[in-house]
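So the sequence shown is numbered by our numbering: it starts at 1 and just counts up by one.
Cβ atoms here follow ideal geometry from the backbone N, Cα and C, with glycine treated the same way.
As the structure is a computational prediction, the values presented were derived from the model and not from experiment.
This report refers to the structure that appears directly beneath it.
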Amino acid sequence: MQCGQFITFEGIDGSGKSTQAKLAAEFSAHALGENRVLWTREPGDWKGGKHIRELLLHGDLLHCHAELYLFLADRCEHVRQVIEPALARGCLVLCERYCDSTLAYQSWGRNLSRAWIESLFSTSGFPTPNLTLWIDVPVEKAWERLTERGSADRIESEALTFLHSVQKGYAALSEEYPQRIVRIDGTRAPHLVFEDVRSLLKKTLKESFGIAL
Ligand code: TYD
């Protein structure tokens, strides 16, 4: 049974969500103590997960169903081995990418049926995040950042039109779930973006952990 809180970070590649998740993990660990905060990411952040991550990011996958099943297999083990035990211990779980990534990338991006993907989520018993922070950056800006970074992985090497579809997915999901998904303007400097992230974290820390900062 869940007694912790589950927050996910979402956004297209190059949106800066990893930077925000790192800052959020530091801030939360300071408030709650390191052993009550778990910072994790998908795909691959569980024992053995690096093999699936490698296949997903650098393998020669030809069938989009193979890609979907690998992301889901990765999540099954990540949830069972890492996320659920941490929630049961009462931790604040901060996770980079989760089910919204699969909907945005595999349904909006790859045109796979959303109803089918959601039925797989539900039969797999994935917990729903309490809060999702969507770091929103226009595709062109994210693309610029990715180009500066160099060495794109398999998914980052997709055409710009793919990222545009993914972005549409995030926008649609945030409209559909306004209570859970909060859009954050990711075009600003990281410390300014973090001001928004921090105020949402403070709210969770106060309401769910009784810590007023
Ligand atoms: P990663 O290097 O972790 O990138 P990022 O820092 O942008 O998260 O790569 C993960 C890639 O996998 C990213 O391009 C998004 C993609 N992805 C999906 O397509 N579906 C999913 O369900 C997940 C979790 C990730």
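Close-in-space but distant-in-sequence residues of the same chain around residue i (CB under 7 Å, 5 per side omitted)
| i | result |
| --- | --- |
| LEU160 | VAL139 and TRP143 |
| ASP74 | GLU42, PRO43, GLY44, GLY49 and ILE52 |
| VAL166 | ILE12, ALA104, TYR105, TRP108 and GLY109 |
| PHE121 | CYS99 |
| LYS168 | TRP108 |
| SER18 | GLU96 |
Whole-Å CB distance - residue i paired with residue j, under 8 Å assumed
| i | j | result |
| --- | --- | --- |
| ASN269 | ILE211 | Given a span of 1 to 213 for the chain in the structure shown, any question on residue 269 remains unanswerable. |
| LEU72 | SER124 | 7 Å |
| LEU213 | LEU200 | Incorrect: roughly 12 Å between the Cβ atoms, too far for contact. |
| GLN2 | LEU87 | 4 Å |
| THR128 | ILE117 | In fact, because the Cβ distance is near 15 Å, the residues do not count as touching under 8 Å. |
Closest Cα partner of residue i within the set the options
| i | options | result |
| --- | --- | --- |
| GLY90 | LYS17, VAL37, GLU207 and GLU148 | VAL37 |
| ARG183 | ALA189, ASP136 and GLU34 | ASP136 |
| GLU10 | GLY4, CYS3, GLN20 and GLN2 | GLN20 |
| ALA25 | GLN81, LEU57, SER15 and CYS95 | CYS95 |
| ARG97 | ILE117, ALA31 and LEU133 | LEU133 |
| SER208 | ASN35, SER15 and LEU92 | LEU92 |
| ASP100 | PRO190, GLU175 and LYS47 | GLU175 |
| LYS203 | PHE27, LYS22 and SER18 | PHE27 |
| VAL82 | SER119, LYS47, ALA31 and ARG114 | LYS47 |
| GLY4 | LYS22, GLU84 and GLY33 | GLU84 |
| GLY14 | ILE181, LEU23, LYS141 and LYS22 | LYS141 |
| THR40 | LEU23, SER151 and ALA31 | LEU23 |
| VAL79 | ALA171, THR147, PHE126 and TYR177 | PHE126 |
Contact set for residue i: own chain, Cβ-Cβ below 8 Å, skip 5 residues either direction
| i | result |
| --- | --- |
| LEU61 | LEU55, GLU67, LEU70 and ARG154 |
| ASP185 | ASP136, VAL193 and ASP196 |
| GLY16 | ILE135, VAL137, ARG145, GLY186, PRO190 and VAL193 |
| GLY59 | ARG154 |
Spatial neighbours of residue i in its chain, beta-carbon cut-off 6 Å, leaving aside the 5 residues before and after
| i | result |
| --- | --- |
| LEU163 | ILE12 and VAL139 |
| TRP180 | Note that residue 180 is Arg in the sequence shown here, rather than Trp. THR132. |
| SER157 | none |
| CYS76 | SER124 |
### Message
Under 8 Å: do the region 62-81 and the region 110-118 share three or more Cβ pairs, one atom per stretch?
### Response
yes
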